[in-house]
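Report on the structure given below.
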Amino acid sequence: MSNGTFIVIEGIDGTGKSTQVARLAEWFTAHGREVVVSREPTDGPWGKQLRESAASGRLEPAQELEYFLNDRRQHVAELIAPALAAGKVVILDRYYFSTMAYQGARGFDPAEIRRLNEAFAPLPDLLLILDLDVEAAHGRIGTRGDTANAFEQRETLERCRQIFLSLKDEPFARIIPSNCSIAELAARLQQAVRQAGLAPV
Ligand code: TYD
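37 is the number that my numbering gives to position 36 of the sequence shown; each next residue is one higher, with no gaps.
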């Protein structure tokens with residue numbers, strides 16, 4: 002399907018994903034590449050309901066999983082696949098590895114979640130997993146002033162972190178230690194993109 006470059010940034014809450022997605026996008030743009038940045042849950046109808054549910058009381062597990070899958074199906078069809086087919090760089094803040102981690106932490110089998118997703122969701126060229134211990138990540142959420150909602154409880158985050166780390170041997174995955182400054186982390190991500198042969202120069 003793809004002439005484009007598909008990069009996904011993952012990690013538990015508080016690892017700095019959104020900042021790094023923006024930095025990486027600037028880097029590609031500065032080198033003349035056309036970049037599409039997006040995130041999951043999306044701002045579409047399914048994603049909106051998921052975000053609302055984080056504040057108003059979480060959906061029942063099977064329904065929550067179904068909503069994430071519906072949200073992603075729409076995201077792939079309407080944004081990801083067309084952008085890749087047009088040769089663009091697509092950079093995502095979360096993708097189905099978050100479903101493996103978070104809905105996996107909620108009791109579903111991560112391998113089964115993966116199979117369900119890979120039936121329709123393209124593999125990324127590069128998966129960058131920002132890794133930080135839960136204490137440090139939690140501290141950052143606190144300093145940012147976010148309320149610790151149901152998604153962000155410590156024990157769950159530890160399970161999520163372990164599921165992310167279990168992807169370390171995937172050929173397209175890189176674990177990026179993230180206990181460093183924003184600039185240093187941006188440099189680490191660029192280095193990983195270069196090593197994967199995906200750099201814009
Ligand atoms: P997040 O990226 O943290 O959004 P925001 O910065 O607006 O809070 O995503 C919201 C939550 O959704 C996050 O705690 C992880 C969770 N999530 C899942 O449980 N499963 C998924 O498949 C995805 C994409 C996210």
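Glycine residues also receive a C-beta, built at the ideal position from the N, C-alpha and C atoms.
Quick caveat: nothing in here was measured; it's all calculated off a predicted structure.
### Residues sharing a beta bridge with PHE7, DSSP
In DSSP, PHE7 forms a bridge with VAL91.
#### Entry: Segments of 4+ residues assigned as alpha helix (DSSP H) that fall wholly inside the stretch 51-97
Fully enclosed alpha helix (DSSP H) runs of 4 or longer: 62-76 and 82-86.
### Query
Rounded to a whole number of angstroms, what is the C-alpha to C-alpha distance between LEU131 and GLN50?
For the pair LEU131 and GLN50, the Cα-to-Cα distance works out to about 26 Å.
### Query
Can you find a heavy atom of the ligand TYD that lies under 7 Å from the Cβ of THR30?
Incorrect: THR30 has no Cβ contact closer than 7 Å to the ligand TYD.
### Message
If you reduce the DSSP assignment to three classes, tell me which class VAL38 lands in.
### Response
In this structure, VAL38 counts as strand in the three-state DSSP scheme.
### Message
Just verifying my parser: in three-state terms, what is the DSSP assignment at PHE117?
### Response
One point to set straight first is that residue 117 is Leu, not Phe, in the sequence displayed. The answer is helix: DSSP assigns LEU117 an H, G or I state.
### Query
So who's on the other strand from ALA174, going by DSSP bridges?
In the DSSP secondary-structure assignment, ALA174 is bridged to LEU128.
### Query
Rounded to the nearest angstrom, how far is the Cβ of PRO111 from that of ILE164, given a contact under 8 Å?
Under the criterion of beta carbons closer than 8 Å, PRO111 and ILE164 qualify as touching, at roughly 5 Å.
### Query
Within the present structure, is the beta-carbon of PRO42 separated from the nearest heavy atom of the ligand TYD by less than 7 Å?
Taken from the Cβ of PRO42, at least one heavy atom of the ligand TYD lies inside 7 Å.
### Query
Comparing the CB of ALA120 with every heavy atom of the ligand TYD, is any distance shorter than 7 Å?
Checking every heavy atom of the ligand TYD against the Cβ of ALA120, none is found closer than 7 Å.
### Message
Quick check on the DSSP output: the alpha helix (DSSP H) that includes ARG162 runs from which residue to which?
### Response
155-166 is the extent of the alpha helix (DSSP H) around ARG162.
### Task
Please state whether DSSP places PRO46 in a helix, a strand or coil.
Three-state DSSP puts PRO46 in a helix.
### Query
Do you know offhand how far LEU93's Cα is from ALA122's?
Answer to the nearest angstrom: the Cα atoms are 13 Å apart.
### Residues of its chain near GLY198, where Cβ-Cβ distance is below 7 Å and the 5 sequence neighbours each way are ignored
Answer for GLY198: no residue qualifies.
### Query
In chain order, what residues of the same chain have a beta carbon less than 6 Å from the beta carbon of GLN75, not counting five sequence neighbours either side?
Excluding residues within five positions, the ones whose Cβ falls inside 6 Å are GLY45.
### Message
Mapping the DSSP letters down to three states, classify LEU199 as helix, strand or coil.
### Response
In this structure, LEU199 counts as coil in the three-state DSSP scheme.
### Message
Among GLY108, PHE98 and ALA187, whose alpha-carbon lies nearest the alpha-carbon of GLU119?
### Response
It is PHE98 whose Cα lies nearest to the Cα of GLU119.
### Task
Out of ARG24, VAL9, ILE8 and ASN4, state which residue places its alpha-carbon closest to the alpha-carbon of LEU186.
It is ARG24 whose Cα lies nearest to the Cα of LEU186.
### Task
Look at the Cβ atom of THR6, then the Cβ atom of ASP126, and state whether they are nearer than 8 Å.
Yes; because the gap between Cβ atoms is below 8 Å, this pair is in contact.
### With 16 other Cβ atoms within 10 Å as the buried cut-off, status of GLY15
Under the 10 Å beta carbon count, GLY15 is surrounded by 16 or more other beta carbons and is classified as buried.
### Neighbourhood of GLU265 by C-beta distance below 7 Å, restricted to the same chain and skipping five residues each side
Residue 265 lies beyond the stretch modelled for the chain, which goes from 2 to 202, so this question has no answer here.
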